[in-house]
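Peer 1: One structure coming up, written as structure tokens, with questions to follow.
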Amino acid sequence: MMLISGGVPAPNAPVLRTGGVPLVPRGFIWPTCAECEGAMQFLAHVPIDGGAVAVFYCQNDPGMCDDWDATSGGNQAFLFAGELHAAAAPTEGETLLGAVTSLLPDDTVAPNGNGVLGQLSGEPEWIQNDETPTCPSCADPMKFMVSLEEGLHHVTASNFGGGGRGYVFTCQGCSEAAFLWQR
Numbered sequence: 164m165m166l167i168s169g170g171v172p173a174p175n176a177p178v179l180r181t182g183g184v185p186l187v188p189r190g191f192i193w194p195t196c197a198e199c200e201g202a203m204q205f206l207a208h209v210p211i212d213g214g215a216v217a218v219f220y221c222q223n224d225p226g227m228c229d230d231w232d233a234t235s236g237g238n239q240a241f242l243f244a245g246e247l248h249a250a251a252a253p254t255e256g257e258t259l260l261g262a263v264t265s266l267l268p269d270d271t272v273a274p275n276g277n278g279v280l281g282q283l284s285g286e287p288e289w290i291q292n293d294e295t296p297t298c299p300s301c302a303d304p305m306k307f308m309v310s311l312e313e314g315l316h317h318v319t320a321s322n323f324g325g326g327g328r329g330y331v332f333t334c335q336g337c338s339e340a341a342f343l344w345q346r
């Protein structure tokens, strides 16, 4: 099912969205890039049964860190369960997108139609080859949750190298999540 813009929610709304602030458990420590050690940018909140996935990637020196690879340390996705609270973003670095956009499922829109901001579940529409990550805990292929397009406007857009797409995966049994993007 395709995702379209649902407007501008509150920055901490518990809805499927890009931008805003992550909803995290108490004690959460904002992730840093394994390459440049800068604070990562929060990209998306993806609600799941009993929790959410929070997606981050490095935008401190775009193009210099391997933020596209699911295992390089240039991005991170977290699968959280239970009570979640809005995180305080670090003041240093590119930590937040310029705007918040809610994403609504719409089964009437064609995959490449105008205004498509992503895809919810199903089989991922890969730009390149299938790069389904394996779970770091059980080594099984992870389940595709959502893909994210760059966005409709430069203020709301993710930096996936111009025309790219991000992919979020989970292994709910192991409480693991992964993110990667292709162009």
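Per our numbering, residue 164 is the first one in the sequence shown, and the count goes up by one each step. Glycine is no exception: its CB is placed at the ideal position from the N, C-alpha and C atoms.
How many Å lie between I167 and A207 at the Cα?
Peer 2: Those two C-alpha atoms are separated by around 14 Å.
Peer 1: Going by the beta-carbon positions, is the gap between S321 and G169 smaller than 8 Å?
Peer 2: In this structure, G169 does not lie closer than 8 Å to S321 by Cβ.
Peer 1: How big is the Cα-Cα spacing for K306 and G182?
Peer 2: Straight-line Cα distance between these residues: approximately 23 Å.
Peer 1: Please list, in chain order, all residues of the same chain as T297 whose beta carbon is under 8 Å from its beta carbon, the five residues on each side excluded.
Peer 2: Same-chain partners within the cutoff: D303, P304 and M305.
Peer 1: Is the beta carbon of L343 closer than 8 Å to that of Y330?
Peer 2: For Y330 and L343, yes; Cβs fall inside 8 Å.
Peer 1: Just to confirm my understanding: we take A202, look at its own chain, exclude 5 residues before and 5 after, and list those with CB closer than 7 Å. What are they?
Peer 2: Excluding sequence neighbours, A202 sits near W193, T195, P253, E255, G256 and T258.
Peer 1: Can you list, in chain order, the residues of its chain with a C-beta nearer than 8 Å to that of P174? Leave out the 5 residues immediately preceding and following it.
Peer 2: If we look at P174 and ignore the five residues flanking it on each side, its Cβ neighbours are G182, G183, V184, A249 and V263.
Peer 1: With DSSP run on the structure shown, which of helix, strand or coil describes G226?
Peer 2: Looking at G226 - three-state DSSP - the assignment turns out to be coil, as it is neither helix nor strand.
Peer 1: Scan the segment 174-254 and note each continuous beta strand (DSSP E) run of 3 residues or more that stays entirely inside, going in chain order.
Peer 2: Entirely contained in the segment 174-254, the beta strand (DSSP E) runs reaching 3 residues are, in chain order, 204-211, 214-220 and 238-244.
Peer 1: Rounded to whole angstroms, what is the Cα-Cα separation between G278 and I211?
Peer 2: Between G278 and I211, the C-alpha separation is close to 24 Å.
Peer 1: For V209, does the count of other Cβ atoms within 10 angstroms reach 16, so buried, or fall short, so exposed?
Peer 2: Buried, by the Cβ-count rule.
Peer 1: Tell me whether P225 counts as near the ligand PLP, meaning its Cβ is closer than 7 Å to at least one heavy atom of that ligand.
Peer 2: Looking for the ligand PLP in the displayed structure turns up nothing, as the structure carries no ligands at all.
Peer 1: Determine whether the beta carbon atoms of A244 and G276 lie at a separation below 8 Å.
Peer 2: Contact flag unset, no.
Peer 1: Between C221 and G237, what straight-line distance do the alpha-carbon atoms span, to the nearest angstrom?
Peer 2: Approximately 5 Å, taken between the alpha carbons.
Peer 1: According to the Cβ coordinates, are P172 and R180 closer than 8 Å?
Peer 2: Cβ distance < 8 Å, so P172 and R180 count as in contact.
Peer 1: Report the three-state DSSP secondary structure of E312 (helix, strand or coil).
Peer 2: Three-state DSSP puts E312 in a strand.
Peer 1: Can you list, in chain order, the residues of its chain whose CB lies under 7 Å from that of L283, leaving out five sequence neighbours each side?
Peer 2: Excluding residues within five positions, the ones whose Cβ falls inside 7 Å are M164, L166, P268 and V309.
Peer 1: For Q345, which three-state DSSP category applies?
Peer 2: Looking at Q345 - three-state DSSP - the assignment turns out to be strand.
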